[in-house]
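Take a look at the structure below.
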Amino acid sequence: MILCLLSTLLNPPSFIPNVQSARRILICAPSNAAVDEIVRRINFKGLSTDNNKIVHPSIVRLGTFEGIHDSTRKYTLDELVNSNLKSSHSSLLNLIQEKKSIYSNILLDIEKLKNEFSSVGESNLDLLHRLDCATKDQKKIQNEIRELNRSLDDNRFKLKLKILNDAQIICSTLSASAHDILKKVQSFDLVIVDEACQAVELSTLIPLKYNPKKVILVGDPNQLPPTVFSMAAQKFQYEQSLFQRLSTFTNPILLSVQYRMHPDISAFPREYFYQNKLDNGINMKNLCQQPWHSDPMTGPYLFFNVDGKDKSLPKKSFLNHQEALVACKLVAYLLKNNPKINFESRIAIITPYREQRNELNNVFSKHFGQSIFKYIQIGTVDGFQGQEKDIIIFSCVRAHSDQGIGFLSDTRRLNVALTRAKYSLFVLGSADVLSQNPIWNALILNAKQRNLFANYNQEFWNRISFDLKNNSDNAMHETPKRKRDDKRRNKNQKRRR
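Residue numbers (our numbering): 18 to 514.
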């Protein structure tokens with residue numbers, strides 16, 4: 018959706034009247050994960066123009082290095098500045114390194130002279146003179162390095178301003194948008210806040226201080242709200258988003274077409290969360306069709322009825338070892354049966370519970386080693402809001418009939434979990450336990466009616482090994498088809514607009 022919006026605003030189609038182009042856009046979201054997802058999509062897919070060309074706008078990612086995903090760090094302000102400095106100020110950088118090397122040698126000389134001085138005493142005037150000269154040289158070089166660094170800092174700051182002023186799109190978390198440097202650059206034509214329903218009002222107000230000409234809040238009130246732990250704050254509705262407040266006295270625009278999911282995945286959310294007001298994009302079934310769908314075990318959507326046992330842990334968290342094992346087996350099955358497909362960074366395993374996330378990390382590490390993590394991402398449902406993957410495995414965890422299903426009963430959390438996948442969604446859970454809840458009962462009945470429900474078969478899963486040798490890295494490439502699918506989807510989105 019963000020890509021469609023940016024395509025329209027940066028390059029207004031001629032057939033849409035009265036749409037002025039936005040030359041500079043600030044895009045914010047509550048979390049680093051959501052911002053990184055936006056940056057990845059913009060740079061991987063690009064933006065469509067009126068004549069069906071794909072353009073890649075200049076983009077800068079603001080934020081602290083540690084909080085930013087590896088895949089988007091090359092777009093950070095510091096990385097862009099460092100890269101520019103290496104090419105445009107190489108002589109200055111080399112001079113600083115040269116002076117630092119001289120300074121280090123002087124320090125070594127001083128240390129040697131001091132050792133000699135302590136052994137021969139103060140009577141050696143020549144040694145005393147050499148030590149005095151070395152100390153003066155040290156101070157001189159120290160001052161030169163200080164001046165050179167000051168010059169480098171000045172150039173670095175000027176480069177930061179230039180890069181930010183030249184950027185068409187700046188992406189940042191809401192909190193990072195408070196950075197003072199944004200006050201010193203050109204104003205923004207537009208501020209877009211994505212996942213606006215997941216941000217408290219005060220956070221959403223931060224980027225508005227730059228007095229943009231327009232503000233667009235993008236969010237889904239059917240998904241998770243801001244996380245507020247303070248009961249006192251909740252009492253005064255601190256968890257209310259600005260999106261929610263504005264929705265009470267304005268008419269929000271409903272974006273009624275989804276371009277992410279295979280129709281088999283979107284079928285249940287469309288009916289139960291959006292009352293059939295959400296349509297699939299044109300030709301989504303064909304656009305989302307993948308080679309592994311020919312196997313009924315790895316189709317677009319399947320509920321696996323896993324008869325596992327959950328384990329209650331401190332801090333009201335739970336884990337389910339059996340579901341973690343099934344998730345491992347399912348990934349192994351996918352990779353081994355599709356050796357020519359590149360699954361790198363295309364699979365995510367999500368769960369409502371932090372302890373299950375830890376269990377999944379442990380089980381995958383134990384059976385596959387660290388190399389498996391180039392294919393998969395493991396996280397909580399809450400942490401995955403605003404993101405997407407080609408394949409999602411959803412581990413529900415709860416399996417004790419006498420303990421209920423906890424916050425799995427939150428329809429907003431369930432909606433997030435069920436709408437992250439593009440091509441395949443596999444739900445692992447205990448049908449008997451989950452069916453105690455009305456919405457889960459509806460989901461399970463829906464899966465059975467569509468023949469997308471599979472009971473756990475111990476014998477079948479036992480035959481699946483964790484050995485991935487058949488899945489040769491040299492043969493794992495299918496990216497051209499994936500890029501063609503994305504281009505076709507972008508064209509369909511453009512026609513729909």
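Heads up, the beta-carbon is just placed ideally off N, CA and C, and yes, glycines get one too.
Predicted, not measured: the structure shown is a model, and the values here were computed from it.
- Comparing alpha-carbon positions, the option among N132, V56, E133, L124 lying closest to Q155 turns out to be L124.
- Counting only unbroken stretches of 3 or more residues, no beta strand (DSSP E) element lies wholly within the segment 246 to 288.
- For S48, no alpha helix (DSSP H) segment is defined, and its DSSP state is neither H nor E.
- Taken through DSSP and simplified to helix, strand or coil, T152 comes out as helix.
- Annotated three-state conformation of S329 is strand, per DSSP.
- Among the bridge pairs identified by DSSP, F411 is matched with I367, V444.
- Judged by DSSP secondary structure, C21 falls within the alpha helix (DSSP H) whose first and last residues are 19 to 27.
- Annotated three-state conformation of V235 is coil, per DSSP.
- Here Q394 is bridged, per DSSP, to A365.
- For a cut-off of 8 Å, the C-beta gap from R374 to G396 is around 6 Å, short enough to register as a contact.
- Contact between Y473 and D296 does not hold, since their C-beta atoms are separated by about 34 Å, which reaches or exceeds 8 Å.
- Here the segment 208 to 219 makes no contact with the segment 109 to 122; the two share fewer than three CB pairs at distances below 8 Å.
- Distance from R363 to I408 at the Cβ level is roughly 6 Å; contact confirmed, criterion being Cβ atoms closer than 8 Å.
- Rounded to whole angstroms, the Cβ separation of S264 and I223 is 20 Å, and the two are not in contact under 8 Å.
- Within the segment 448 to 487, the runs of alpha helix (DSSP H) at least 4 residues long that lie entirely inside it are, in chain order, 448 to 451, 455 to 466, 475 to 479.
- Remark: C-beta atoms of W309 and I366 do not approach each other more closely than 8 Å.
- Annotation for Q185: P74, S75 place their beta carbon closer than 6 Å to its own, counting only its chain and skipping 5 residues before and after.
- Note that the C-beta distance between L64 and L97 is not below 8 Å.
- Exposed is the label assigned to P238, since fewer than 16 other Cβ atoms lie within 10 Å of its Cβ.
- Counting C-beta pairs closer than 8 Å gives fewer than three between the segment 326 to 341 and the segment 459 to 471, which falls short of the contact rule.
- Under the DSSP assignment, Y350 falls in the alpha helix (DSSP H) whose first and last residues are 338 to 354.
- For the pair C305 and Y440, the CB atoms are nearer than the 8 Å cut-off.
- Under the DSSP assignment, S220 falls in the alpha helix (DSSP H) whose first and last residues are 218 to 222.
- The continuous beta strand (DSSP E) containing N322 extends over residues 318 to 322.
- For V77, the enclosing beta strand (DSSP E) begins and ends at 76 to 78.
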